[in-house]
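Asks:
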């Protein structure tokens, strides 16, 4: 029995080895026929590789798709996308595997670490998108209880928001673990009769709003704009005490709304200094929340591929794209 | 026939004496009044709870951190700042990282990416299918070959050719490296008890530590991309292989080893000529398990820009599109079943075995998550033994046949390098009949079915969620998490002692101390409550399904494919439907855990029921027992050992879903791990939560293991 088994093993090794050798031989031969079609225009040499971080939310995907599309078609860059969470993408710019992040939400700690201390990342200006973070209710609630949009009335309605997770208090559904939240402090400092329940993902938030609107159940949740979901459902923001400069300085004592975010772009220092036309494109890139939502909707709602969605928008907005291409040398 | 053999039971049957360590300290059959002791402990706990609840619960706010968490942050910052210049981090690990990247890229150029200067990979789809078919035919026989060809065509038709090639590359490379490292380690562990004792805790940690916790640090050390993806896959896949190799070598009968030794074999000869060949089948099971584990990391790889099927799955999740995530998820299922089938058939083929259906041979020695030595799709492999019979040819004849068949294979490879249509999988637009079969129509179908279900039953499912939460989750969570930490700790130590004896004391105390010291006591207790309830529900379902499967072949054949699918489908696929049915909350996290843990527990129960001797069942029936009496009084009690093992496995599978639960409202440790992965300043807290999960896992495993050892008597 032992001998038979041994023979079996030798055979397996022989087969694996012969296939391996064969493949190695093939690889050695190089591409035979295909290399002929490898050229992709004369611009290719000028731009070279352009690696865009692809952070995991649809709005970002819209930015990445459109900038990537323009870089590829008008500048002849070899575009590649680096999938990862924000953290990982910042790290990638530092270590040289990522060239740019096209939509950045604040991140004072990362800014300090990489821009101020390590000096490996530079700010590339604003995207034109305005980021809003806040508490939202589904449209049917705002219609039925118009005064709910004022935080002072939240306690009046707290019993509506009771769920299995919040006990005898109202539920404030928090969300995406990616974002910093002051909600626990806010609930405490505004003396609201609510309990923060963590949803844990954007999918959880979106699905909760869908169910709430469909079944006409109450929901108060942390959400943000720009977001493609707004094109499907017009969520209504609850107004917290207005944000003033520095009112959120002490995280434990915060009792005001989240600050408005002017979303910005980032580039690795090396890429910014490389003189690549793609770096100029990133600096010039600017659009509105509506623009982004339009592309995000093509992707998330209509199920278009990133490239098809980008092409559709770019073809319809040539004037904006022309602005972005200024100074890149593209005609 | 006993499908389920713990090492003890095996040893008992063969009349081989157990080593001191494996012997339980209690005598056979002594009545310990465990039930009364349990009740007593709980009663005392409840009294003290009434007095002290709400004090010293060690709760920590969402964004709050402790000194330990900050310390971990500082370590991370140091590596970020100084890592690249450091000889170890930048030098050694940096080189490992770039080596791994180059390795993966080389294979990608061969199979999935446009290779240098070209627009298509070196070998197109036709060549890959031909080569894969040839290798499978040579190793595993014609039936497996047919399966491989169909599977590969499915990948292409659904439009995931390149992604599935990438996932295959990562999986197979990881398994190859696993074998290079894992086999020697397994051999060393089998040879020496002290080596085994030294390495086991590391394996425990590697299997229970959630991948989310070490993704960021590893991306830091090895760079973003395929290197990190390969290495995290390796970490998760190697423990089963090592454990099973050790188990296989140890299971070689002592008498055989003695006989060989008396013939004057050296240690090396003994290993090569006796132990390895005799343990070979078990080792192949280990490779099989490593493969399944590697594949289950495919969806995580995407978070560090790893290539493969994880990308489309996550894209679907981002877009809240069930169908979009489910189709690549199904591709992963098909891939898992195919790989499982090939390795099983290959191992069966070279060794004609009279034993049938080695469904699970795991025992307390190899209990941690995912280590069940389990042959995945029985329904697919059952016929393999028969189908894989070799044609009666001499070895020389067989080699000639193989070489002859290699010619058309090489022609196919050549063609796939020459014609674009044979290199890139065709899009089939305008083809008759086949054109509408693609990923979009499948996506739409899945979405329509899900939406219809959600529209019709979500009120019912939401009500179930509310009731279960109120009746089960809230009371237990309040008992565990609102008790002062010292009370909960004492109670857990006492319960562990009552269930598993004094051997549970050390691991329980150490685990609880770790949990306390990492500063996440309260969150861990919430997680523990959810874990226990999920395990309870898993066992209820597993016993119901398992008994039905164990008693009826046809039920088994019907249910098993669903179990297989749920065992390998990435959880990200069913998160959105779970949210739609149950809303955000702890119960939804429990549902996700149940979906993952029920298959393994059910299979173990079914095997246990089937293992009850048919003569006994016949005898009971002949004295006029009803069906329910037979099940309740004979089959379930006699399958007690299997039930305990199923509970243990169910528990650990549930625990491995804690992080996924954190994504759907489970909160507590799972959410902390995820937020630590996403927020720079919570990195340390996330890592601490991962450590707490590992400690919890080891504690529960040890208690269950010692309870199992007692119940087995």
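Residue numbers (this note's numbering), protein chains in the order written: chain A, 153 to 483; chain B, 31 to 743.
For every residue, glycine included, the Cβ atom is placed at its ideal position computed from N, Cα and C.
Keep in mind the model is a prediction, meaning the values are calculated, not measured.
(1) Please classify residue 375 of chain A: is it buried, with 16 or more other beta-carbons within 10 angstroms of its beta-carbon, or exposed?
(2) On the premise that residue 382 of chain A lies in contact with residue 290 of chain A, defined as a C-beta separation below 8 Å, what is that separation, rounded to the nearest angstrom?
(3) Compare the Cα-Cα distances from residue 729 of chain B to each of B/536, B/656, B/582 and B/636 and report the closest residue.
(4) Beta-carbon within less than 6 Å of residue 655 of chain B's beta-carbon, same chain only, minus the 5 sequence neighbours each way: which residues are those?
(5) Since residue 246 of chain B meets chain A, which of its residues come closer than 9 Å, beta carbon to beta carbon?
(6) Buried or exposed: residue 297 of chain B, going by 16 or more other Cβ atoms within 10 Å of its Cβ?
(7) Report the neighbours of residue 701 of chain B on chain A: residues whose CB is nearer than 7 Å to its CB, in chain order.
(8) Please confirm whether residue 253 of chain A has its beta-carbon closer than 8 Å to some beta-carbon of chain B.
(9) Report yes or no: do three or more beta-carbon pairs, one from the stretch 690 to 702 of chain B and one from the stretch 552 to 564 of chain B, lie closer than 8 Å?
(10) Could you pull out every residue in the same chain whose Cβ sits closer than 8 Å to the Cβ of residue 266 of chain B, ignoring the five residues on either side in sequence?
(11) Check each candidate in B/695, B/375 and B/603 and name the one with the smallest Cα separation from residue 343 of chain B.
(12) Does the structure place the stretch 88 to 96 of chain B close enough to the stretch 539 to 551 of chain B that three or more beta carbon pairs sit under 8 Å?
(13) If you draw a straight line from the C-alpha of residue 255 of chain B to the C-alpha of residue 167 of chain B, how long is it?
(14) Below 8 Å between beta carbons is the criterion; list the residues of the stretch 193 to 221 of chain A that meet it against any residue of chain B, in chain order.
(15) Compute the beta-carbon to beta-carbon distance between residue 290 of chain B and residue 306 of chain B, rounded to the nearest angstrom, for a pair I have assumed lies under 8 Å.
(16) Assuming residue 391 of chain A and residue 302 of chain A make a contact with CB atoms under 8 Å, what is their CB distance in whole Å?
(17) In terms of alpha-carbon separation, which member of B/508, B/215 and B/485 lies closest to residue 268 of chain B?
(18) At a CB-CB cut-off below 7 Å, which residues of chain A make contact with residue 458 of chain B?
(19) For my contact list, residue 221 of chain A and residue 377 of chain A are in at a C-beta cut-off of 8 Å; report their separation, rounded to the angstrom.
(20) Tell whether a beta-carbon distance below 8 Å holds between residue 341 of chain B and residue 193 of chain B.
(21) To the nearest angstrom, how far is it from the Cα of residue 306 of chain A to the Cα of residue 334 of chain A?
(22) Could you list the residues in the stretch 611 to 627 of chain B with a C-beta less than 9 Å from some C-beta on chain A, going in chain order?
(23) Is the beta carbon of residue 452 of chain A closer than 8 Å to that of residue 202 of chain A?
(24) Using the Cβ count rule (16 or more neighbours within 10 Å means buried), how would you classify residue 70 of chain B?
(25) Can the beta-carbon of residue 252 of chain A be found closer than 8 Å to that of residue 418 of chain A?
(26) May I ask you to list, following chain order, the residues of the stretch 255 to 273 of chain A that have a beta carbon less than 8 Å from some beta carbon of chain B?
(27) My output table needs one value for residue 377 of chain A: the three-state DSSP class, helix, strand or coil.
(28) Entirely within the stretch 302 to 376 of chain A and at least 3 residues each: give me those beta strand (DSSP E) ranges in chain order.
(29) Provide the residue(s) that pair with residue 278 of chain A in DSSP beta bridges, ordered along the chain.
(30) Below 8 Å on C-beta distance, what does residue 500 of chain B contact in chain A?
(31) List the whole-angstrom C-beta distance separating residue 572 of chain B from residue 628 of chain B, where the pair is believed to meet the contact cut-off of C-beta under 8 Å.
(32) In this structure, how does DSSP classify residue 180 of chain A when only helix, strand and coil are distinguished?
(33) Report buried or exposed for residue 475 of chain A, applying the criterion of at least 16 other Cβ atoms within 10 angstroms of its Cβ.
(34) Is residue 482 of chain A helix, strand or coil by DSSP?
(35) Identify whether residue 737 of chain B lies in helix, strand or coil by the three-state DSSP scheme.
(36) Check whether the stretch 489 to 498 of chain B and the stretch 366 to 376 of chain B are in contact - that is, three or more C-beta pairs closer than 8 Å.
Replies: The relevant details are as follows:
(1) buried
(2) Residue 290 of chain A to residue 382 of chain A, Cβ: 12 Å. No contact.
(3) B/536
(4) none
(5) 237, 239, 240 and 243
(6) exposed
(7) 329, 350 and 352
(8) no
(9) yes
(10) 236, 237, 241, 323, 324, 326 and 327
(11) B/603
(12) yes
(13) 34 Å
(14) 208, 209, 210 and 213
(15) At roughly 12 Å, the Cβ-Cβ gap does not stay under 8 Å, so residue 290 of chain B and residue 306 of chain B are not in contact.
(16) 6 Å
(17) B/215
(18) By Cβ distance, chain A contributes nothing, its closest Cβ being about 17 Å from residue 458 of chain B, past 7 Å.
(19) Residue 221 of chain A to residue 377 of chain A, Cβ: 24 Å. No contact.
(20) yes
(21) 17 Å
(22) 613, 614, 615, 616, 617, 618 and 619
(23) no
(24) exposed
(25) yes
(26) 259, 261, 262, 265, 269 and 270
(27) strand
(28) 322 to 326 and 346 to 350
(29) A/416
(30) 316
(31) 6 Å
(32) The pLDDT assigned to residue 180 of chain A is 43, lower than 50, so where the model puts this residue is not dependable, and the model offers no usable value.
(33) exposed
(34) coil
(35) helix
(36) no
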